[in-house]
Amino acid sequence: MCCVLLPTVSSAANRSLQFNRPADTPQARYVIELMSIAYSNIGYELEVIDFNHQSALAAANNGILDGQLGRINSISQQYKNLNVVNFPLFEFNLILLKNCDTCRFEQLNNIAIQAGYPAAKSYLDNNPFIGEVIRVKSVTAQLNLLAQKKVDGVLLLDFLLKSKHPRFDISTFSADVLVPIRSFHFLHKRHKELIPFLEQQLTLLEEDGTVNQLRDKHLNH
Numbered sequence: 429m430c431c432v433l434l435p436t437v438s439s440a441a442n443r444s445l446q447f448n449r450p451a452d453t454p455q456a457r458y459v460i461e462l463m464s465i466a467y468s469n470i471g472y473e474l475e476v477i478d479f480n481h482q483s484a485l486a487a488a489n490n491g492i493l494d495g496q497l498g499r500i501n502s503i504s505q506q507y508k509n510l511n512v513v514n515f516p517l518f519e520f521n522l523i524l525l526k527n528c529d530t531c532r533f534e535q536l537n538n539i540a541i542q543a544g545y546p547a548a549k550s551y552l553d554n555n556p557f558i559g560e561v562i563r564v565k566s567v568t569a570q571l572n573l574l575a576q577k578k579v580d581g582v583l584l585l586d587f588l589l590k591s592k593h594p595r596f597d598i599s600t601f602s603a604d605v606l607v608p609i610r611s612f613h614f615l616h617k618r619h620k621e622l623i624p625f626l627e628q629q630l631t632l633l634e635e636d637g638t639v640n641q642l643r644d645k646h647l648n649h
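The sequence shown begins at 429 in the numbering used here and counts up by one.
Put into structure tokens, the structure is as follows:
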């Protein structure tokens, strides 16, 4: 605790950083509260603004937004101006729901993914799929296509499914957990000097129990 790093007062005073408002989930509320504390501890204010989710990554990469609250680590391969804060915020699963009990992922004729969430695209990049990929705007649209058997399967983030459709009966479909994924905070490269300060603050918040308290508050229900 005797060696806490802080940005210089002149660079940090009365500063705020803007991020797009994510979908309202327990994970989003947890990340916003945790990162608000971390930024406050280094003299910054985290400001969450309404912004089109599907264009938020490009906007952050172009510097219109100051970064991304929580994204998968691989986005920096495509969005070169975004730098990761190396502290995993939470873990989630990418799941496959399908209408066929015995068919494998690569045997499906088509799947639906949600635009604006890179986890599914990243999985497809690493696991080439020769069928048709249909991009939709919401989890609801994915589930409707699946229920109407207009697609063979859907790739979903488990926490979005639980938050948006808590009463959805997953047992009526075949479900596979494809891969666990961790979420990280990102800053535009113009703010990269803040990254070591944020990493230190997040480590301290983990050590003093704040991270676990916030996880209990938002995630462990």
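Backbone N, C-alpha and C define an ideal beta-carbon position, used for all residues, glycine too.
Report buried or exposed for residue i, applying the criterion of at least 16 other Cβ atoms within 10 angstroms of its Cβ.
{"i": "Lys526", "result": "buried"}
{"i": "Gly637", "result": "exposed"}
{"i": "Val648", "result": "The amino acid at residue 648 is misidentified as Val; the sequence shows Asn. Under this definition Asn648 is an exposed residue."}
{"i": "Gln535", "result": "exposed"}
{"i": "Ala484", "result": "buried"}
{"i": "Lys578", "result": "exposed"}
Sort out for me which residues DSSP pairs residue i with in a bridge.
{"i": "Gln496", "result": "Phe614"}
{"i": "Pro608", "result": "Asn521"}
{"i": "Ile542", "result": "According to the sequence as given, residue 542 is Gln; it is not Ile. Answer by DSSP bridge pairing, in chain order: Val564."}
Kindly list the residues whose CB is nearer than 7 Å to the CB of residue i, restricted to its own chain and excluding five residues on each side of it in sequence; keep chain order.
{"i": "Thr453", "result": "Phe587, Leu588 and Ser591"}
{"i": "Val476", "result": "Phe447, Arg449 and Ile460"}
{"i": "Gln629", "result": "Ala466, Asn469 and Ile470"}
{"i": "Arg563", "result": "Ile541 and Ala543"}
{"i": "His593", "result": "Val567 and Leu571"}
{"i": "Leu552", "result": "Val561"}
{"i": "Asn489", "result": "Tyr507, Asn509 and Leu510"}
Could you give the DSSP three-state label for residue i: helix, strand or coil?
{"i": "Tyr551", "result": "helix"}
{"i": "Cys430", "result": "Because the pLDDT at Cys430 is just 49, under 50, the model does not fix this residue reliably, and the point stays unresolved."}
{"i": "Val639", "result": "helix"}
{"i": "Ala451", "result": "coil"}
{"i": "Asn490", "result": "coil"}
{"i": "Leu647", "result": "coil"}
{"i": "Leu445", "result": "strand"}
Considering only residues of the same chain and omitting the five flanking positions on each side of residue i, which have a CB-CB separation below 6 Å?
{"i": "Gly544", "result": "His481 and Gln482"}
{"i": "Gln455", "result": "Phe518 and Phe587"}
Tell me which residue opens and which closes the alpha helix (DSSP H) that residue i is part of.
{"i": "Ile460", "result": "Pro454 to Asn469"}
{"i": "Leu589", "result": "Asp586 to Lys592"}
For chain D, check one thing: does any of its Cβ atoms lie closer than 8 Å to the Cβ of residue i?
{"i": "Ser444", "result": "Looking at the structure shown, chain D is missing, and only one protein chain is on hand."}
Between which two residues does the beta strand (DSSP E) containing residue i stretch?
{"i": "Val476", "result": "Tyr472 to Ile477"}
For residue i, which residues from the same chain have a beta carbon less than 8 Å from its beta carbon, with the 5 sequence-adjacent residues on both sides left out?
{"i": "Pro516", "result": "Arg610, Ser611 and Phe612"}
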